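Sequential numbering from 1 applies to the sequence shown in the numbering used here. From the three backbone atoms N, C-alpha and C, an ideal C-beta is built for every residue, glycine too. These numbers were taken from a predicted model, which means no experiment stands behind them. The next block holds one structure in the form of structure tokens; read it before the comments.
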Amino acid sequence: MTDHALEEETSFGEVVERSIGQSLGQMVEASIGQSLGATVEATISMDDQNQPRPQVTAADLLRYLMIPGTCLGFRQLETAIDLAVEDENRLLNVIDELYPLVAQAYGATINSVQKNMRVAIIAGWKNGGDKQLERLLGLSYHARPVTKDFIDLLADYLRRRK
């Protein structure tokens with residue numbers, strides 16, 4: 001392959017962004033009340049208008065963060081985030097509180113749940129999810145968050161949107 005051919009290849013993240021990312025991205029951004037590049041002041045003034053925000057699910061956020069739905073960890077992350085939204089105290093001790101509930105729901109072991117979720121997060125990170133996470137939260141991450149922190153970030157995001 002020539003250098004020119006390498007430049008023309010698109011990443012999985014770009015393909016997802018073109019196919020569903022734009023409309024999903026717009027939906028997620030609408031849920032926070034801002035478009036890309038909007039200032040905090042503009043966001044606050046939009047919130048003051050009491051306009052209903054679109055409902056965003058954990059699955060929507062995971063897809064927005066470029067995590068492939070084909071990963072077993074995708075569904076397990078979705079369940080873990082929903083459980084953390086339901087009771088944020090489950091995040092205080094994920095090994096004893098959260099992971100066993102997810103493992104039970106999927107008939108898996110705690111270790112496999114932890115590994116599956118980590119692999120899904122890594123896949124999303126490689127697909128461009130780091131940039132999407134930065135867009136979503138307004139914070140830059142130089143390293144991939146650990147699974148517990150990733151679940152906490154997304155659960156907190158959904159909790160604030162209720």
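Nearest-angstrom Cβ-Cβ length linking residue i and residue j, presumed shorter than 8 Å
i	j	result
V113	V102	5 Å
L91	I151	7 Å
L154	L61	5 Å
Y106	Q132	No, Y106 and Q132 are not in contact; Cβ-Cβ is about 26 Å, not under 8 Å.
Where residue i sits in the DSSP three-state scheme
i	result
L153	helix
S140	coil
T109	coil
L158	helix
V102	helix
L91	helix
G37	Confidence at G37 is low in this model, with a pLDDT of 44, below 50, so its placement is unreliable and the value that follows should be read with caution. Looking at G37 - three-state DSSP - the assignment turns out to be coil, as it is neither helix nor strand.
L72	helix
M117	helix
Q55	coil
I122	helix
T147	helix
L165	Within the shown structure, residues of the chain are numbered from 1 to 162, placing residue 165 beyond reach of any answer.
D82	helix
Option in the options with minimal Cα separation from residue i
i	options	result
Q104	G124, N93 and A80	A80
D96	L62, L72 and N111	N111
A63	G129, R161 and E134	Reading off the sequence shown, one finds Arg at residue 63, where the question assumed Ala. Per the Cα distances, G129.
V94	L158, D149, N116 and N127	D149
N116	T57, E78 and D156	E78
F74	N89, A58 and L83	A58
R161	L137, Y99 and T109	L137
R159	E88, T147 and L72	E88
G124	T109, L139, Y106 and V146	V146
A143	K126, Y99 and T109	K126
A108	V56, Y141 and L72	L72
*asked:* If contact is defined by three or more beta carbon pairs under 8 Å, each pair taking one atom from either stretch, is the region 65 to 72 in contact with the region 117 to 135?
replied: yes
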